[in-house]
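2 protein chains.
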Amino acid sequence: MKSFSSYKNPALAIDLVVFGYHDDRLSVLLLNRKDEPFKDQWTLPGAFLQMEESFQDACDRVLGTKLGMNKVYMEQLFTFDDPARDPRGRVISVTYYALINPKKFEVVAGKMANDVQWFDVRKLPALGFDHKTIFKTAHQRLKSKILYYPVGFELLDETFTMPELHHLYECILETKIDRRNFSRKLLASEYIVETGSRREGQQNRPADLYKFNKKLKQNNFQLNIN
Amino acid sequence: MKSFSSYKNPALAIDLVVFGYHDDRLSVLLLNRKDEPFKDQWTLPGAFLQMEESFQDACDRVLGTKLGMNKVYMEQLFTFDDPARDPRGRVISVTYYALINPKKFEVVAGKMANDVQWFDVRKLPALGFDHKTIFKTAHQRLKSKILYYPVGFELLDETFTMPELHHLYECILETKIDRRNFSRKLLASEYIVETGSRREGQQNRPADLYKFNKKLKQNNFQLNIN
DNA sequence: GCAAAAGTGTTGAGGGTACACCCATGA
DNA sequence: TCATGGGTGTACCCTCAACACTTTTGC
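Taken in sequence, the protein lines are chains A and B.
In this text, residue positions in the first sequence follow this note's numbering: the first is 1, and each later residue adds one.
In this text, residue positions in the second sequence follow this note's numbering: the first is 1, and each later residue adds one.
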């Protein structure tokens, strides 16, 4: 049996598309690179995979050290293999997307970055590498996923109102959704539970607060949009 | 900027779940290994990624040299990263699943294998590495995919009858489907077109032959099962 | 003529869409 | 009391699920 070390292997990177919902809009976290290649340009956060590290470990490392986050919802997206995607040589990129509540974390630029910032998904700057493609793939995946899986709660606070949830869905799907039908559908799915309290101190009638039903494991939720 | 060669990288393998439909059942192609590890055991076909090779190239290489196939429907499945998944050391496995018509190819055991064989998905032998997990992931993906994307045609001949298509769906989904509702639904979707001819020489009433409508690019096909 | 399988049509129930009205709050 | 936004109810339509009869072939 041949030894592995006799083969030369491509480098393996982990790149993350971190979505956040803030100020009534969907955003992505981007990093301004301090070093070449793509110095001073915006890219997705990422890192090279260490030899003993699982993907999860690598993602946690990026989220922890570069962004000051932990325990976030994450899912594998796609593995990008274009031999020309990195000017330094052959780099395979295994990508994940994450959903976080920006209020819970203070983003910090790590050693490798000039800056870290949230960008409205509709107003992204030019991105280095093939990161625009990666972002588009993630955005599309999120749009599909949210229609049959209750993934939006990860972006909101522990408790939230129906109008807040409604607006989040409109934001992600980039469509109008009838709020009454939306409300009925979500309540019928049993994915959300009333808390009994309301969001007070707003301009108008206080909205009921709900929370995600964590006990519910399986469901045939399917949101149909007009 | 650091040189890449200073880093040691995990090995990168490509593994394939090749589905075929034959004798009214769904099968997977397995390979009996000639060498350690898992010598004389069944595994999914695969190979190490070459330095300059894209995933597509690597898949074509495996399908071509080990299985004598070309130009098949293929889709990326998932990338498996368990550091202990290969006894030889750290190997990341990027997996694809393929759909082929077994009648079109004569499978041949390449240099690396004792044997290559189709196995009924319901009667798989023990598999080496984490290939059982990979298979299950692929099977599940195929089940979901076929409900909203006309992927079954890849497994059939150029022309096929409605009962054949119906049985294929029942096979993949492992459920009974009402044949009348199924037929109406498929015809309404415009994914299939009448050829005008019929399957003659059978025991009973000849069935109409259809073919896949290749012109149709986009559709909101969604099959609902009882 | 009979068995077996293929083609086709109908009906009723349920879910979704598209609506309008009432309610609670701050100013 | 008025404007604004949140909560709730209803009717129609359309789709889907359930089901039965007719047709064509081989023996």
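The beta carbon of each residue, even a glycine, is placed where N, CA and C say it ideally should be.
| Item | Value |
| --- | --- |
| Mind pulling the chain A residues with CB within less than 7 Å of residue 51 of chain B? | 8, 10 and 90 |
| With a threshold of 8 Å between beta carbons, is residue 94 of chain B in contact with chain A? | yes |
| Could you name the residues of the segment 198 to 211 of chain B whose beta carbon sits closer than 8 Å to any beta carbon of chain A, in the order they occur along the chain? | none |
| Assign residue 9 of chain A to buried or exposed, taking buried as 16 or more other Cβ atoms, counted over all protein chains shown, within 10 Å of its Cβ. | buried |
| So, for residue 130 of chain A: in the same chain, excluding its five sequence neighbours on each side, which residues have a beta-carbon less than 7 Å away from its beta-carbon? | 80, 82 and 85 |
| Less than 8 Å between the CB atoms is what I'm expecting for residue 45 of chain B and residue 67 of chain B, so what's the real figure, rounded? | 6 Å |
| Just checking: is the beta-carbon of residue 78 of chain A within a distance shorter than 8 Å of some beta-carbon in chain B? | yes |
| What does residue 81 of chain B touch in chain A if you count any residue whose Cβ is under 7 Å from its own? | 54 and 55 |
| Compute the beta-carbon to beta-carbon distance between residue 209 of chain A and residue 155 of chain A, rounded to the nearest angstrom, for a pair I have assumed lies under 8 Å. | Not a contact, Cβ separation roughly 16 Å. |
| Note down, one range per segment and in chain order, each alpha helix (DSSP H) of at least 4 residues found wholly within the segment 25 to 54 of chain B. | none |
| Reducing DSSP to helix, strand and coil, say where residue 203 of chain A ends up. | coil |
| When DSSP labels each residue in this structure, what does residue 198 of chain A get in the three-state scheme? | strand |
| Residues in its own chain within less than 6 Å of residue 92 of chain A by CB, not counting five upstream and five downstream? | 10, 12 and 81 |
| For the beta strand (DSSP E) containing residue 278 of chain A, list its first residue and its last residue. | Since the first residue shown for chain A is 1 and the last is 226, residue 278 of chain A is missing from the structure and cannot be characterised. |
| Use the C-beta contact count for residue 51 of chain A: other C-beta atoms within 10 angstroms, 16 or more gives buried, fewer gives exposed. | exposed |
| Pull up the distance between the alpha-carbon of residue 56 of chain B and that of residue 162 of chain A, whole angstroms please. | 45 Å |
| Cα separation between residue 106 of chain B and residue 17 of chain B? | 17 Å |
| Considering only C-alpha positions, which residue in the set A:70, A:89, A:114 and A:184 is nearest to residue 33 of chain A? | A:114 |
| Quick one: grab the DSSP three-state call for residue 137 of chain A. | helix |
| Return the CA-CA distance between residue 159 of chain A and residue 49 of chain B, expressed in angstroms with no decimal places. | 47 Å |
| Among B:75, B:223, B:61 and B:109, whose alpha-carbon lies nearest the alpha-carbon of residue 29 of chain B? | B:109 |
| If you draw a straight line from the alpha carbon of residue 122 of chain A to that of residue 132 of chain A, how long is it in whole angstroms? | 12 Å |
| Please report the straight-line C-alpha distance between residue 101 of chain B and residue 212 of chain B, rounded to a whole angstrom. | 14 Å |
| Using C-beta distances below 7 Å, list every residue in its chain close to residue 117 of chain B, excluding the 5 sequence neighbours before and after it, in chain order. | 30 |
| Could you tell me the distance, in whole angstroms, from the CA atom of residue 151 of chain B to the CA atom of residue 145 of chain B? | 7 Å |
| Output the distance between the C-alpha atoms of residue 23 of chain A and residue 88 of chain A, rounded to the nearest integer angstrom. | 38 Å |
| Rounded to whole angstroms, what is the Cα-Cα separation between residue 3 of chain B and residue 37 of chain A? | Reliability fails at residue 3 of chain B, whose pLDDT of 47 lies under 50, so the model's placement of it is uncertain and the value that follows must be treated cautiously. So the alpha carbons of these two residues sit roughly 12 Å apart. |
| For residue 99 of chain B, which residues does DSSP report across the bridge? | B:19 and B:73 |
| As an exercise, report each continuous beta strand (DSSP E) stretch of at least 3 residues that is fully enclosed by the segment 105 to 155 of chain B, in chain order. | 113 to 120 |
| Under DSSP, the alpha helix (DSSP H) around residue 160 of chain B begins and ends at which residues? | Counting along the chain, residue 160 of chain B falls outside any alpha helix (DSSP H), though it belongs to the beta strand (DSSP E) covering 159 to 161. |
| Can you give me the C-alpha to C-alpha distance between residue 224 of chain A and residue 74 of chain A, rounded to a whole angstrom? | 25 Å |
| Counting C-beta neighbours from all protein chains within 10 Å, is the total for residue 90 of chain B 16 or more, i.e. buried, or is it exposed? | buried |
| Thinking just about the alpha-carbon of each residue, which of A:177, A:171, A:62 and A:41 is nearest to the one in residue 20 of chain A? | A:171 |
| Residue 1 of chain A to residue 126 of chain B, Cα distance in whole Å? | With a pLDDT of 43 at residue 1 of chain A, under the threshold of 50, the modelled position of this residue cannot be trusted, and the question is left open. |
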